[in-house]
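*Asks:* A single structure is presented below for examination.
Residue numbers (the numbering used here), protein chains in the order written: chain Y, 1 to 541; chain W, 542 to 951.
Below, the structure is given as structure tokens:
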């Protein structure tokens, strides 16, 4: 019997101590009961046996009442936690299944190596890895990556959500943390290491609050216990690696939790890049029957800032639409519809008058032409005069690539695009509608931000004036700033008017097309512009 | 996992219920041995056991059963309890269909003093199952602490023949009763050997003995002629009646087989006479039952005693009446209860109260024993001028159910 087998035996014995004791006790009692019954005189033996059904029934009723009362008054087994323990090889999420987050994968791979080569690390004198924090927006593959780490390292994986620790009773969460780590230590003892994955770590890892009223005591005590357990201030040093996942900003978490020795590794898992999205689309499309002519690159471009979970959802939705349309394969049309449905909501046609529809068509065409011709970074993917949610029509646009900053030109273009609808309405009928509310809101906000916060005015007003309390800003400065804001809006308005006057034929063409088809796809839009010899002003950043 | 748990539960239940399939602890073939062994092993008591039909009889001789005040000695009481417990254990855990048990404890020093415990097996089971209370159980047991007229009488009969053989002073006046050897023999030449004594219990006090003797004598001169009829060593017979109420001289009457009319010697058919008497006792001289008991007899006796208990335990009745005697018998499926209950201050409804109390008691007891093997009950007030009442089984049941009122009967 090798040492590991012996250790595993001891581990099982330790983990199932209560079960073993209960089994032993029940077996002993059973033997004693049979023995005792057999040694009784037949009258008393039969008497005891005859009473057994009612005794059992009454015991059951008593137990039922007890459990019921316990559940009602003590919120039933609140110290018991459901920990999902899975052996590494059974997690069944492989490294290759994690796609679109290559950089995070690379960092995580190092973690896998550290777990595997713990002995070597100890020999060198390196510090054992205790915690790994994965931060990023929801749906980017944090859990997936954690599972892949467990599979690759081939060690048991215990998964829990941070919210499972929280209870109204102080001490319950801490008790659950203790139990979780006790279990993890047992598994680590038997299998060499164990991963504890705590999803939504912010539920217990939030910066602790200290209130005289006692609020937050439960969260504090839970977190304190987690800190203690992660410190490993125990008799034995177990190879338990805690992987926490959160979509909360790092500042939200308690600093004690983030210090070296606890979550000493941090992996930022962001939304996938264009290349990553392409891979994600490719990966999920393989799971459905899809049209092989689909341009995955175009899909990826259209799905800027989409997380893998959202992409998965788009493909599932597209498959549903295809089924509803009695089609065998998922085509670009279904994928496009799925994206719109997810982003813009379901279509619901409103009964509008001819004049209203015309006005909406001119409004959207104004946006469309302005965007196509003037916007340096964004592209139009779709135009529609079908109402969705609260909008009567929409221009569906996306940046052509991930841009993490917005240039002055792009911001000005945003304002111009917003004003495009207003200008088009005015030029068409000499009047405007209430449909410009959202557009003006957006345009004014952008112009205000440019002047007040980003120093993008022509008057040389540099600095973030929004952080200065209004009482400390002079009226003259305020006037200046507001004048600059107004100037931007006016300049943009003028430029849009000139543009649309010049390209009014194209506007009218789009109006006609929209009134006929109600919706125009990317290719149709592109074809119309090509017809008039126009290309968009897209310039890579 | 769930299937495994069910299997384990099933196996556990089977294992636990398995002892139900084992045989009775005391098999029907070994009931006697079981009682003897239990008493010996558990309490170091020697008992004798006899089973007649469905009646189990146990006899234990006890030295010093009664104390100097002729009361049950506490230590002897403990021994009786131990034997009773052993009997209970056996009768409850045997497959032999027993109905009654009789425990007889006799004093080895005070001849004739005995304690009898007669019980119904099913009562023992019912009290264990809490189907009846312990108080009710104790009322159902027949306890008799008395002097046995046969045992005490036999002792006196043997003593009498001994005195005759010793020619003791004071015996001279009874010698002529033992005809003919004391008439035709030379004084002091007579000798009587008892061959056999048979006895019958005629009542709680009286016993009748049939004695066969072998008698020796030397004839007086002139009486040689009798030697032809009564050769020395001839077999003689006597009927002797004893009554314990006449203690210490309980021999009430001696009847010899032969008697002289003045003109001739005649014989009496003593054996035939003896056979004609009915034996009311159920315990033999050996302390073991003489016959199988039946429910009718048992219930008649029990009700006879409980009538007395009823009028002594109920404060209202006790204040108003005093019970002189009460007894129950059964004959030809008719249960007869004879009682002498007298009102302390006579009033018009005395009889109604007495009779309705007894009928209610009898009806309740018959019902609780599910006893239906009788035709009717007869209530006899033995007080001079007392009332007699007969009710059929159905009428008694109607009375119990309240369909017949006592006013309709008396």
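Glycine residues also receive a C-beta, built at the ideal position from the N, C-alpha and C atoms. All values reported here derive from a predicted model rather than from experimental measurement.
(1) Can you list, in chain order, the stretches of the beta strand (DSSP E) that have 3 or more residues and sit fully within the segment 491 to 516 of chain Y?
(2) Let me confirm a value: residue 785 of chain W is counted as buried when at least 16 other C-beta atoms fall within 10 Å, else exposed. Which label applies?
(3) Rounded to whole angstroms, what's the CA-CA distance from residue 378 of chain Y to residue 304 of chain Y? Just pull it up for me.
(4) Look up residue 777 of chain W in the DSSP assignment and give the residues it is bridged to.
(5) Per DSSP, what are the beta-bridge partners of residue 784 of chain W in this structure?
(6) To be precise: take each residue of the segment 380 to 399 of chain Y, compare its Cβ to all Cβ atoms of chain W, and keep it if any distance is under 7 Å. Which residues remain?
(7) Can you check DSSP and say which residues form a bridge with residue 641 of chain W?
(8) Quick one: Cα of residue 10 of chain Y to Cα of residue 99 of chain Y, how far?
(9) Per the contact definition of three or more C-beta pairs closer than 8 Å, is the segment 131 to 138 of chain Y in contact with the segment 242 to 257 of chain Y?
(10) Out of W:747, W:807, W:574 and W:791, which one is the CA nearest neighbour of residue 770 of chain W?
(11) Could you tell me the alpha carbon to alpha carbon distance between residue 939 of chain W and residue 917 of chain W, rounded to whole angstroms?
(12) Taking C-alpha atoms, which residue in W:912, W:951, W:922 and W:924 lies nearest to residue 935 of chain W?
(13) Does any CB atom of chain Y fall closer than 7 Å to the CB of residue 556 of chain W?
(14) Going along chain W in order, which residues have a C-beta closer than 7 Å to the C-beta of residue 32 of chain Y?
(15) For residue 503 of chain Y and residue 369 of chain Y, which I take to be in contact (beta-carbon distance under 8 Å), what is that distance rounded to the nearest angstrom?
(16) Is residue 231 of chain Y buried or exposed, if buried means 16 or more other CB atoms sit within 10 Å of its CB?
(17) So, does the CB of residue 37 of chain Y fall closer than 7 Å to a CB anywhere in chain W?
(18) Could you work out which residues of chain Y lie near residue 559 of chain W, taking near to mean beta carbons separated by less than 8 Å?
(19) Less than 7 Å between CB atoms is the rule here; does residue 13 of chain Y satisfy it with respect to chain W?
(20) Any beta carbon of chain W sitting closer than 7 Å to that of residue 41 of chain Y?
(21) Residue 580 of chain W: which of W:721, W:600 and W:611 sits nearest, CA to CA?
(22) Which residues of chain W have a Cβ atom closer than 7 Å to the Cβ of residue 46 of chain Y, listed in chain order?
(23) For residue 421 of chain Y, does the three-state DSSP call read helix, strand or coil?
(24) Specify the secondary structure class of residue 937 of chain W as computed by DSSP and reduced to three states.
(25) For residue 49 of chain Y, which residues in chain W fall below 9 Å Cβ to Cβ?
(26) Measure the beta-carbon distance from residue 446 of chain Y to residue 411 of chain Y and round it to whole angstroms, keeping in mind my assumption that it falls under 8 Å.
(27) Closest by CA to residue 222 of chain Y, which one among Y:174, Y:229 and Y:471?
(28) Can you give me the start and stop residues for the beta strand (DSSP E) that residue 772 of chain W sits inside?
(29) Please confirm whether residue 565 of chain W has its beta-carbon closer than 7 Å to some beta-carbon of chain Y.
(30) Going by other Cβ atoms of all chains shown within 10 Å of its Cβ, with 16 needed for buried, is residue 596 of chain W buried or exposed?
(31) Can you name the start and end residues of the beta strand (DSSP E) that residue 562 of chain W belongs to?
(32) Residues of chain Y with CB under 8 Å from residue 485 of chain W, in chain order?
(33) Indicate the three-state DSSP secondary structure (helix, strand or coil) for residue 654 of chain W in the structure shown.
(34) Across which residues does DSSP place residue 67 of chain Y in a beta bridge pair?
(35) Alpha carbon to alpha carbon, how far is residue 623 of chain W from residue 584 of chain W?
*Replies:* The relevant details are as follows:
(1) Listed in chain order, the beta strand (DSSP E) runs fully inside the segment 491 to 516 of chain Y amount to none, counting runs of at least 3 residues.
(2) So residue 785 of chain W counts as buried.
(3) Rounded to the nearest angstrom, the gap between the Cα atoms of residue 378 of chain Y and residue 304 of chain Y is 11 Å.
(4) Per DSSP, W:754.
(5) Answer is W:747, bridged to residue 784 of chain W.
(6) Those residues of the segment 380 to 399 of chain Y placed with their C-beta closer than 7 Å to a C-beta in chain W do not exist.
(7) Residue 641 of chain W pairs with W:596 and W:661.
(8) The alpha-carbon of residue 10 of chain Y is positioned some 39 Å away from that of residue 99 of chain Y.
(9) Contact between the segment 242 to 257 of chain Y and the segment 131 to 138 of chain Y is present, because at least three Cβ pairs lie under 8 Å.
(10) With distances taken between Cα atoms, residue 770 of chain W lies closest to W:807.
(11) In this structure, the CA atom of residue 939 of chain W is about 12 Å from the CA atom of residue 917 of chain W.
(12) Put simply, of W:912, W:951, W:922 and W:924 the residue whose alpha carbon is nearest the alpha carbon of residue 935 of chain W is W:912.
(13) True, the Cβ-Cβ gap to chain Y drops below 7 Å.
(14) Per Cβ cutoff of 7 Å: no residues; residue 32 of chain Y is ~11 Å from chain W at best.
(15) Going by Cβ atoms, the distance from residue 503 of chain Y to residue 369 of chain Y rounds to 6 Å, so yes, they are a contact pair.
(16) If you draw a 10 Å sphere on the C-beta of residue 231 of chain Y, you find fewer than 16 other C-beta atoms in it, and that means exposed.
(17) Contact with chain W is found for residue 37 of chain Y, since one of that chain's Cβ atoms lies less than 7 Å from the residue's Cβ.
(18) Correct list: 34.
(19) No, because no Cβ of chain W sits closer than 7 Å to the Cβ of residue 13 of chain Y.
(20) It does; some Cβ of chain W falls within 7 Å.
(21) Comparing Cα positions, the closest option is W:600.
(22) Chain W residues near residue 46 of chain Y: 561.
(23) DSSP, reduced to helix, strand and coil, places residue 421 of chain Y within a helical segment of the structure shown.
(24) Residue state, collapsed to three classes: helix.
(25) What residue 49 of chain Y touches in chain W: 557, 558, 560 and 561.
(26) So it is a contact: roughly 5 Å between Cβ atoms.
(27) Ranking the options by Cα distance to residue 222 of chain Y, first place goes to Y:174.
(28) Here residue 772 of chain W belongs to no beta strand (DSSP E), and DSSP marks it neither H nor E.
(29) Put simply, the CB of residue 565 of chain W is near chain Y, with a gap under 7 Å to one of its CB atoms.
(30) Result: buried.
(31) In the DSSP annotation of this structure, residue 562 of chain W is not part of any beta strand (DSSP E), being labelled neither H nor E.
(32) As shown, chain W starts at 542 and ends at 951. That puts residue 485 of chain W outside it, with no answer to give.
(33) Note: residue 654 of chain W maps to strand in three-state DSSP.
(34) DSSP lists no partner for residue 67 of chain Y.
(35) The alpha-carbon atoms of residue 623 of chain W and residue 584 of chain W are separated by roughly 7 Å.
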